[in-house]
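Note sheet for the following structure.
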Amino acid sequence: MSADPPVLRVRNLAISYQVGGAWVRAASDVHLTVRAGEIAGLVGESGSGKSTVALGVLRYLPSNGRIEPGSEIALAGNDLTVRSRRAMQRIWGARMGLVPQDPAAALNPSLKVGEQIAEIVRQHDRLGRGDARDRAVEMLGRVNLPDPVTLARRYPHELSGGQKQRVAIAMALSASPDLLVLDEPTTSLDVTTEAAILDLVRAQVSAAQAAALYVTHNLGVVAQLCDRVTVLYAGEVMEDAPVRELFARPLHPYTLALMRSVPRLGATKRDAPLPGIEGQPPALPERPAGCVFEPRCPLAIPICRTKPPLEPSESGRTVRCHRWREIAAGEIALPEPASPLPALPTSGRNRPLLRVDGLSKHFPLRRSLTQILRREPAHTVRAVDGVTLSVPQGQTVGLVGESGSGKTTLARMIIGLEARTDGTITLLGADVPDTVRERAQSSLAQLQMVFQNPQDSLNPYLTVGQALRRPLIKLARMSRAEAEAEAVRLLAAVSLDEQVMRRYPSELSGGEKQRVAIARAFASDPALILADEPVSSLDVSIQAAVLNLLARLQAERDTAYLFISHDLAVVGYLADVIAVMYLGELVETMPAEALFRPPHHPYTEALVAAIPQPDPARPSAETRLNGDIPSPREMPSGCRFHPRCPRKLGRICEVEAPPWQDAGGGQWIKCHIAPDDLTALQGGAPAEERE
Amino acid sequence: MGRFLARRGVFLVGTLFLTTVLVFLLTRVLPGDVARVLLGRDASPEAIAAKREELGLDDPLIVQYVGWAADFVRGDWGETFASPRQEIRPLVTERLVNSGRLALLTLAIALPLAIALGVVAGLTEGTLVDGVISVLSLSVVSLPEFVTGLFLVNTVALKWRDNPIADALGWFPASSAIRPDLSFRDALPALWLPALAATFVLLAYVVRLVRASVIEELKKDYVRTAALKGLPARTVIAKHVLRNALIPTVTVIATSSGWLVSGLVVVESVFSYPGLGRLLLNTAIDNRDLPLIQAIVTVTALIILLANFAADLLYALLNPRIRLG
């Protein structure tokens, strides 16, 4: 143990925001310690105050925010709370760096990326223009960007999302800061890219012996990356512990509940419903005076109306709960979720409801004037290319793949928002025309959609009641009075109160809005609902409740889902059949049970390997994909996956499109490697994963 | 880049063609017989018919248009209808030069002022400074040009004229009758009051635009990134914020320069400034002088289109996200 002060020491940090004239606490009594070479995780859901704390540590609060007196933020022993903004300018960049959440927004769109790095070292290390430029190129190389000399002359919009985040990391590291603050740096990225960025963060922090504060809502990322974890809720520290101990033995009911909300790899709706957390985090001015988690805590007792202290529990851990001793001793535990799912009907198991045959969408590229004059045919982007898929009645087909794989275009063609280039769609045995305009009312009623962002998919000028009545009257042909009664029933089905009828979307939380969107989709009693990333924008505790809701409604109404997600754990939980899509075509289809045991298409294997497991004892596999998903403009020859494939055989993969191979049990893999060989390559014996 | 220019060029020529066709048709459907206007009320029907024949007014419209367009391109813009009949081209080019000088001076005054005020207002959003700038620039623009113009003429020019120093400088002529052979420098005393009046019209618009885009850019994440690099505040503003905030302004500047050349009728009238706008209104339209109207409108359209072309080009050059392909 060295006697040096830790790189970051935060004591009694309290931050307030001025809201409508009054100052309200956004964070209070926050304690953090981060040492050199250590990555500390700051975990919480939206509204937990994690970003406020991160910005407070950086002394970069918005103009309506202030750090309360008595707070201490010490960087290598020097208190920052007393520094002026001018003094902070010498610390920002040089001794503290920020890696932002959304690199696309955080880079200046009209400056070349090299210059955006060079200006930091010119400022802090007093380098000349040429030296600074060289340093920028060197930094781009250090974060493993290919061809850094050329890349330095590019503008941010010319880079992929993962490349932009690498640039942002290079930027934050360029003046060798002591402390790196990372604010959800992988939230907007694909899992495959996320895994690569996490590798990079780990390597860079260890190489630079910097301290890192990693802010995230993703427990998997924390488990895989951090040394220590601080769990925040409603602006207060609930629990703080070394990562292994926290995941092995959480002491706070909130930590326990949060961990249970995340679908584990291999957990499915057939085993048990996901235990979410009832209620919502309190709004800023309405935080309880006692324990902030008390209103949602299943273990709350009367004493919890008083504020518990943040006290040391076991070695090197702190916890803020009146009942942590009972939890530690195993005397109390969270109750098992009350209502198990109703038995899933098996009647329609093999009756295809929707059949998609050879479905394609080719977008023509614009031709230049000379190309038109020379009568050259237009080149096309094959966004979806000959997809054949069927969805059985009452079942969920999960569709996974990175962004750019064509998942959403496929869904838009099925729902009729996009005209197809080729192929047929059959619903209940009848042919479905191209677009919504050509479709009969009955087929519109049978097919509904839930979008990713309920914020955008609900009309802000219609009350919930109006939004629900419309499909009932137009598609289900109900009278006004019937529609009114049915709308109330629908709301009840998605666990919302009748009073929500008169509210506008802006008066609802994100989870409530998505419930309304789901209720609206169910209004016309559809046979199939297309759900495009319906839980991606929700917090895990709320995501769990929405997933349960979808599973329950499916069981009750025998509705089929085509469920699109980039989150394999979520798909694995909800789906009966999983289809994996890459660059416009399917590469594997399988029953959901097969997801976590080989054989797999190498792409599926890489997707599974990239998921950060919420368990520090199970490190993610080392399989990483090379580079980013290529643009469909430059479609690779042969197997479309060959340029990134870690299991590429050789020339055959480059020249010949792979065949579909039967892996047994309803699993099909489109690969040149035989399924048995894949099994052997991918670690053979599936026994451990099965049980 | 070449393709971008080519595509824009084709677009420009096409628009110009449509504009001239429209103007041509409009002048032809205006009520009133040109021949009668030229010959006076008492002209005999035979004389009018002969005049119409002479002017080619009885030919099919397409023949008239093609004839006019071909002549125009060749540089033969014809003569005015009104007597004394004058060559149109020298008349229009002389006025164009005058209008161009006024536009140039207006931009030279208005732009730095408006951008500076807009940036300051944007940076101090919600404060007293912002309020004062916004209220002042708005109240200036809400006064019609003839009010601000007359105010300038009456207070500044007429009152200060008797001041011996001002008189010696010759800087306050109430009327801006300038001769075409003056150099820009010599014409300056006559130009600056009308330019000031025109500035008032333009000012609030540009101030508000710049202010809004500065406020919008300040909210973006990259500003936080730049500040957290430890760059001094003025670098963050000048290098990061303004680079993005001024891009939309460029378009407006280029577009309004077209309007400045041809649209300052009121300002020109108040100061009796011999610009293109006044030529169109007082000479051409009053006399129903078709060839003159056509020539002026065509020249104006060309200027506005070129200004927009320049704006597109500049925008694309400044904004790396626009693909010049």
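Read top to bottom, the protein sequences are chains G and B.
For the first sequence, this note's numbering assigns the number 1 to the initial residue and increments by one for each residue that follows.
For the second sequence, this note's numbering assigns the number 692 to the initial residue and increments by one for each residue that follows.
In this text, a Cβ means the ideal position worked out from N, Cα and C, and glycines have one as well.
In this chain, the beta strand (DSSP E) harbouring G:Phe563 covers Ala560 to Ile564. A distance below 7 Å between beta-carbons, with the five flanking residues on each side excluded, links G:Lys164 to the following residues of its chain, in chain order: Pro103, Ala104, Leu107 and Pro156. Look at G:Asn64: its C-beta is not under 8 Å from any C-beta on chain B. DSSP places G:Asn78 within a strand segment (E or B) once states are collapsed to three. DSSP places G:Gly664 outside any alpha helix (DSSP H); the residue lies instead in the beta strand (DSSP E), whose first and last residues are Trp660 to Gly664. At a cut-off of 8 Å between beta carbons, B:Gly921 contacts chain G. Among the residues of the segment 933–956 of chain B, those with a Cβ less than 7 Å away from any Cβ of chain G are Arg934 and Asn935, in the order of the chain. Secondary structure note for G:Lys670: its beta strand (DSSP E) is the uninterrupted segment Gln667 to Lys670.
Remark: C-beta atoms of G:Gln123 and B:Leu919 do not approach each other more closely than 8 Å. Taking C-alpha positions only, G:Pro253 is separated from G:Val229 by approximately 16 Å.
G:Pro308 and G:Leu42 have their C-alpha atoms roughly 20 Å apart. Per DSSP, G:Val24 lies in no alpha helix (DSSP H) segment; the continuous beta strand (DSSP E) that holds it begins and ends at Ala22 to Val34. When DSSP states are grouped into helix, strand and coil, G:Trp92 belongs to the strand group.
Neighbours of B:Asn978 in chain G, taken as residues at a C-beta separation under 7 Å, are lacking, since the least C-beta distance is about 44 Å.
In the structure shown, G:Pro295 falls within a helical segment according to DSSP collapsed to helix, strand and coil. Minimum Cα-Cα distance from G:Ile669 among the listed residues G:Ala36, G:Phe641 and G:Val655 corresponds to G:Phe641.
For a cut-off of 8 Å, the C-beta gap from G:Glu656 to G:Gly638 is around 5 Å, short enough to register as a contact. Taking the Cα positions, G:Pro392 is about 7 Å away from G:Leu354. Within 8 Å of the CB of G:Tyr17, no CB atom of chain B is found; the nearest one sits about 16 Å away. Contact check for G:Ala212 against G:Val221 fails: the beta carbons are separated by 8 Å or more. With a threshold of 8 Å between beta carbons, B:Arg902 makes no contact with chain G. DSSP places G:Glu115 in the uninterrupted alpha helix (DSSP H) bounded by Val113 to His124. Within its own chain, the residues whose Cβ lies closer than 8 Å to the Cβ of G:Leu475, once the five positions on either side in sequence are excluded, are Gln441, Leu444, Ala445, Ala523 and Ser524, listed in chain order. Between the segment 935–944 of chain B and the segment 79–88 of chain G there are fewer than three C-beta pairs closer than 8 Å, too few to call the two in contact. The beta carbon of G:Pro526 sits closer than 7 Å to those of Ala445, Gln446, Leu447, Gln448 and Thr559, all from its chain and outside the five residues before and after it, given in chain order. Considering only G:Gln667, G:Val432, G:Glu588 and G:Val516, the residue with the shortest C-alpha distance to G:Ala467 is G:Val516.
Straight-line measurement puts the Cα of G:Gly97 at about 44 Å from the Cα of G:Pro302. Pairing G:Leu179 with G:Leu75 gives a Cβ-Cβ distance under 8 Å.
In the three-state reduction of the DSSP assignment, G:Thr192 falls in the helix class. The segment 612–622 of chain G makes contact with the segment 255–267 of chain G, as at least three CB pairs between them are under 8 Å.
In this structure G:Gly511 is buried. Its beta-carbon is surrounded by 16 or more other beta-carbon atoms within 10 angstroms. Of the other Cβ atoms in all chains shown, 16 or more fall within 10 Å of the Cβ of G:Pro505; this residue is therefore buried. In this model, G:Ala172 and G:Glu115 are separated by some 14 Å (Cα to Cα). Taking a contact as a CB-CB distance under 8 Å, the pair G:Leu399 and G:Met139 does not count as one, their CB atoms being some 38 Å apart.
Pairing G:Gly664 with B:Arg694, the inter-Cα distance amounts to about 55 Å.
B:Asp912 reaches chain G at Pro100, Asp102, Ala105 and Ala106, counting residues in chain order whose Cβ is nearer than 7 Å.
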